[in-house]
Amino acid sequence: RKVARVRLSNGMEVTAYIPGEGHNLQEHSVVLIRGGKVPDLPGVRYHVVRGTLDTSGVEDRKRGRSKYGTTKT
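Given below as structure tokens:
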């Protein structure tokens, strides 16, 4: 499972899940996160929002595109 340690604007540091196949995040990427647990990862209470800020959408995604930040091509 792909996860990222994220420092929030209030100074807290949390673990966020990166949904979809593959990602382009690097060490100092700025990301938007939303709430939502990952059932089989203890302590992961947030998801990274794909397709916003430094996070790209999922390539070649045909169905359920809105959840993965992919535009219609």
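Heads up: the sequence shown begins at 1 in full-length UniProt numbering, then just goes up one per residue. For each residue, glycine too, the CB sits at the ideal point set by N, CA and C. Just so you know, these numbers come straight off a predicted model, no measurement behind them.
If we ignore side chains and look at the alpha-carbon of each, how far apart do residue i and residue j end up?
i, j, result
"Pro42", "Leu53", "27 Å"
"Ala16", "Arg1", "11 Å"
"Thr55", "Val14", "17 Å"
"Gly35", "Val6", "13 Å"
"Lys37", "Val44", "6 Å"
Using a Cβ cut-off of 8 Å (strictly closer), state whether residue i contacts chain C.
i, result
"Arg61", "The structure shown contains no chain C; it is built from a single protein chain."
Would the beta-carbon of residue i fall within 8 Å of that of residue j?
i, j, result
"Tyr46", "Gly57", "no"
"Arg65", "Lys72", "yes"
"Val31", "Val48", "yes"
For residue i, count the other beta carbons within 10 Å of its own beta carbon; 16 or more makes it buried, fewer makes it exposed. Which is it?
i, result
"Arg50", "buried"
"Gly22", "exposed"
To which residues of the same chain is residue i closer than 6 Å at the C-beta, ignoring the five residues directly before and after it?
i, result
"Arg61", "Tyr68 and Thr70"
Among all the DSSP beta bridges, which residues are the ones paired with residue i?
i, result
"Ile18", "Answer is none; Ile18 lacks a bridge partner."
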